[in-house]
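> In the working numbering, the protein residues as written are -13 to 129.
My questions all concern the structure below.
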Ligand code: 5GP
Ligand code: ZN
């Protein structure tokens, strides 16, 4: 998909909006989050505009994951982090505000008062073994 005129991340890709770019590759780039949740909070995006991860073609998906993979250790080391949360808000119901795929690398520090990724979802469902079996089978059939 080509750039979307009303997308801030497409405008960063096009050089029309400034960003603290930390890496650029064929098909992906990374820059600091403008409202960081931690020192070094970095966003990694495919350069092509798509809202959802599942809409990326193979080239964009590979470029995105490769850059994410390469940057995790670099970002952690650069800010002296002890760990990181690496996550995508994939769709508005999951909290996505910018409708252009982006992975967050959020450096974490011992005793920083934050939460694990388990804190992002709502009330956990109570599922029987049978329901879990059905869900696993449905996903496996489609995978
Ligand atoms: P989302 O909730 O969509 O996963 O996160 C969007 C992220 O993009 C937020 O953390 C927000 O601070 C960041 N952001 C929004 N607009 C801009 C921008 O123009 N430049 C940069 N560098 N980050 C932005
Ligand atoms: Zn975009």
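Glycine is no exception: its CB is placed at the ideal position from the N, C-alpha and C atoms.
When DSSP labels each residue in this structure, what does residue 2 get in the three-state scheme?
Residue state, collapsed to three classes: coil.
> Please determine whether the Cβ atom of residue 86 lies at a distance below 7 angstroms from any heavy atom of the ligand ZN.
Answer for residue 86: yes, Cβ within range of the ligand ZN.
> By the three-class DSSP mapping on this structure, what secondary structure does residue 78 have?
DSSP places residue 78 in helix when its eight states are reduced to three.
> For residue 22, which of 5, 123 and 9 has the nearest alpha-carbon?
Out of 5, 123 and 9, 5 has the C-alpha closest to the C-alpha of residue 22.
> Alpha carbon to alpha carbon, how far is residue 12 from residue 98?
Roughly 35 angstroms separates the two Cα atoms.
> Please tell me whether residue 53 and residue 87 are closer than 8 angstroms, where the distance is taken between their beta carbons.
No. Outside cutoff.
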